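**Q**
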Amino acid sequence: MIGRLRDFFSNLFSAQEEDVSIGIYGPPNAGKSTLSNQISLDLTGEKMSNVSEVPHETRAVEKKEKVAIEADGRSIDINLLDMPGITTNVDFKDFKEHGMEEDDAKGRAKEATKGIVEDVKYLDDVDACLVIFDSTKDPYTQVNVTIIGNLEDKDIHILVLAKKIDKEEEDTERVRDAFPQHPVLEVSAKEGENIDKLYEEIIGRLS
Amino acid sequence: MGEETVSGVTIEFLSKKKLQEESFDEKVDSIITRVKENAVVVLEEGWSPEEERYLIEHAMEEVDEEFPGIEFLGLNERDSKIHKAKRMFYEKVLNEKYRQGITIVGNSRVMERVKKERDAVSFLAKLEEEE
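As you go down the protein sequences, you meet chains A and Z in turn. Heads up: the first sequence is residues 0 to 206, going by numbering that gives the first Met the number 0. Heads up: the second sequence is residues 0 to 130, going by numbering that gives the first Met the number 0.
#1: Does Ala119 (chain Z) come out as helix, strand or coil in the three-state DSSP assignment?
#2: Could you name the residues of the same chain whose beta carbon sits closer than 6 Å to that of Thr140 (chain A), not counting the 5 residues immediately before and after it, in chain order?
#3: Give the DSSP-derived three-state secondary structure of Tyr97 (chain Z) in the structure shown.
#4: Just how far apart, CA to CA, sit Ile69 (chain Z) and Glu61 (chain A)?
#5: At the level of alpha carbons, what is the spacing between Glu65 (chain Z) and Val89 (chain A)?
#6: Are three or more beta carbon pairs between the region 92-103 of chain Z and the region 162-180 of chain A nearer than 8 Å?
#7: Tell me, please, whether the CB atom of Thr57 (chain A) is closer than 8 Å to any CB atom in chain Z?
#8: How long is the line joining the alpha carbons of Lys105 (chain A) and Asp133 (chain A), rounded to whole angstroms?
#9: Tell me, please, whether the CB atom of Asp152 (chain A) is closer than 8 Å to any CB atom in chain Z?
#10: Return helix, strand or coil for Phe178 (chain A), following the three-state DSSP convention.
#11: Can Pro48 (chain Z) and Asn143 (chain A) be called in contact, C-beta distance under 8 Å?
#12: Got a sec, what are the start and stop residues for the beta strand (DSSP E) Ala127 (chain A) sits in?
#13: Kindly list, in the order they appear in chain A, the residues whose Cβ is closer than 8 Å to that of Lys115 (chain Z).
#14: Taking the alpha-carbon positions, what's the Gln19 (chain Z) to Gly203 (chain A) distance?
#15: Once DSSP output is grouped into helix, strand and coil, what is the label at Ile103 (chain Z)?
#16: Any beta carbon of chain A sitting closer than 8 Å to that of Val5 (chain Z)?
#17: Have a look at Z:Arg52, Z:Gly100, Z:Val62 and Z:Lys83 and flag the residue whose alpha-carbon is nearest the alpha-carbon of Leu13 (chain Z).
#18: I think Ile147 (chain A) touches Val130 (chain A), with their Cβ atoms under 8 Å apart; what is that distance to the nearest whole Å?
#19: How big is the Cα-Cα spacing for Pro138 (chain A) and Ala29 (chain A)?
#20: Name, please, each residue of chain Z whose Cβ falls closer than 8 Å to the Cβ of Leu239 (chain A).
#21: Compare the C-beta of Lys105 (chain A) against all C-beta atoms of chain Z and say whether one is closer than 8 Å.
#22: Got a sec: is the Cβ-Cβ distance from Phe122 (chain Z) to anything in chain A below 8 Å?
#23: For Ala111 (chain A), count the other beta carbons within 10 Å of its own beta carbon; 16 or more makes it buried, fewer makes it exposed. Which is it?
#24: Determine, for Asp90 (chain A), whether the minimum Cβ-Cβ distance to residues of chain Z falls below 8 Å.
#25: Are the beta-carbon atoms belonging to Val8 (chain Z) and Val109 (chain Z) less than 8 Å from one another?
#26: Write down the C-beta distance between Leu160 (chain A) and Val186 (chain A) rounded to the nearest angstrom, noting that I regard them as a contact closer than 8 Å.
#27: Apply the 10 Å Cβ neighbour rule to Thr87 (chain A) and answer buried if 16 or more other Cβ atoms are within range, or exposed otherwise.
#28: How many whole angstroms separate the CB atoms of Lys31 (chain A) and Met82 (chain A), which I take to be in contact at a CB cut-off of 8 Å?
#29: Using the three-state DSSP reduction, which class does Phe71 (chain Z) fall into: helix, strand or coil?
#30: Is the separation between the beta-carbon of Ile201 (chain A) and that of Ile68 (chain A) shorter than 8 Å?
#31: If we count the other Cβ atoms within 10 Å of its Cβ and call it buried at 16 or more, is Arg244 (chain A) buried or exposed?
#32: Got a sec, what are the start and stop residues for the beta strand (DSSP E) His57 (chain Z) sits in?
#33: Indicate whether the contact test is met: 3 or more Cβ pairs, each with one atom in the region 16-33 of chain Z and one in the region 47-63 of chain Z, closer than 8 Å.
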């Protein structure tokens, strides 16, 4: 009995000591790396990912460990994971249209597919997810439905973020309508709009 | 006399009964093989999010210069509470998959303008242009 109690408190203690892993998921070019950089710069003074107009700039999971988030007098340490954009196809010809040489385009496509496989496997290992949608595009796609469905089945905390809200063609209502079962926060990483609100939401759900 | 060569997209419809004959892994292998040959495969069954995720993973592992990957669409009522309850019942009580719905998988160079709504899906089946 005493042994079981000791194990219980030991597990409780170790669970509290473990950092929370937060994955930033979403389609390619939704603004995941821009947001990761904003959070990382804000909280650690360092960027964590490259950003590019060419899709699949992030082709491997970028990790920033021990990032301390504080809000409302509370604080938690998180491991922030900037994930490659998940898609079902990667055509090297698309990269050539962005001006890349054929060999470079083929290399990028190969790396991108590996990144997506790694990304998909990580769905088992995150404690919470920020799922990012470009609010100028239709979020109700099969890939997004599949990602959200997997997270829901594993009871992983989900916060949907609508990005690019400063664009003229933004339609945040469409994001809200697509996944009404989840709260949606509008953020602009470039302007830093609602980033503090994002920290409050993370702390409120995970601490 | 040989068969006349006609350009087009083959659309294969696979019945529930036929699909039950294969394991899930065999089914995905066979679908990817067909899709690489530019067929669009319509399955008389719905898939779980985890199965769809496996399809994405498997398709990505097959991508090369000739095969850019897939588009796929699930038409089911997965968002509804009744569907979720039925799925739970089948998986937890009957220990089998709940397969209501249809699933469509095709080569991404063939399936374009893919549109998903809660109760309808559509796409344009396109022939790849010769280079």
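Backbone N, C-alpha and C fix where the C-beta goes; we use that ideal spot for every residue, glycine too. Every value quoted in this text rests on a predicted model; they were computed, and no experiment measured them.
**A** Once the coordinates are examined:
#1: Looking at Ala119 (chain Z) - three-state DSSP - the assignment turns out to be coil, as it is neither helix nor strand.
#2: Excluding positions up to five away in sequence, the list is empty.
#3: Three-state result, Tyr97 (chain Z): coil.
#4: Per the coordinates, the alpha-carbon of Ile69 (chain Z) lies some 26 Å from the alpha-carbon of Glu61 (chain A).
#5: Computed Cα separation, rounded: 11 Å.
#6: The region 92-103 of chain Z is not in contact with the region 162-180 of chain A.
#7: Not closer than 8 Å to any Cβ of chain Z, the Cβ of Thr57 (chain A) fails to qualify, so no.
#8: Approximately 26 Å, taken between the alpha carbons.
#9: Cβ-Cβ to chain Z under 8 Å: yes for Asp152 (chain A).
#10: Three-state DSSP puts Phe178 (chain A) in coil, outside helix and strand.
#11: Taking 8 Å as the Cβ cut-off, Pro48 (chain Z) and Asn143 (chain A) do not qualify as a contacting pair.
#12: From DSSP, the beta strand (DSSP E) with Ala127 (chain A) extends over Ala127 to Asp133.
#13: Correct list: Tyr139, Thr140, Gln141 and Val144.
#14: Rounded to whole angstroms, Gln19 (chain Z) and Gly203 (chain A) show a C-alpha spacing of 46 Å.
#15: The answer is strand: DSSP assigns Ile103 (chain Z) an E or B state.
#16: Closer than 8 Å: no.
#17: Residue Z:Gly100 is the option with its Cα nearest to Leu13 (chain Z).
#18: Right, their Cβ atoms sit about 7 Å apart.
#19: Roughly 10 Å between the two C-alpha positions.
#20: Only positions 0 to 206 of chain A appear in the structure, and residue 239 (chain A) is not among them; the question remains open.
#21: So, interface residue.
#22: So, not an interface residue.
#23: That one is buried.
#24: Asp90 (chain A) counts as touching chain Z.
#25: Cβ atoms of Val8 (chain Z) and Val109 (chain Z): closer than 8 Å.
#26: Going by Cβ atoms, the distance from Leu160 (chain A) to Val186 (chain A) rounds to 5 Å, so yes, they are a contact pair.
#27: Thr87 (chain A) counts as buried, since no fewer than 16 other beta carbons sit within 10 angstroms of its beta carbon.
#28: A Cβ-Cβ distance of about 7 Å is found for the pair Lys31 (chain A) and Met82 (chain A), placing them in contact under the 8 Å criterion.
#29: In the three-state reduction of the DSSP assignment, Phe71 (chain Z) falls in the strand class.
#30: Ile68 (chain A) is positioned such that its CB atom lies closer than 8 Å to that of Ile201 (chain A).
#31: This structure gives no information on residue 244 (chain A), because the portion of chain A shown stretches from 0 to 206.
#32: Premise fails: His57 (chain Z) lies in the alpha helix (DSSP H), Pro48 to Glu61, not in any beta strand (DSSP E).
#33: Per the Cβ contact rule, the region 16-33 of chain Z is in contact with the region 47-63 of chain Z (3 or more Cβ pairs under 8 Å).
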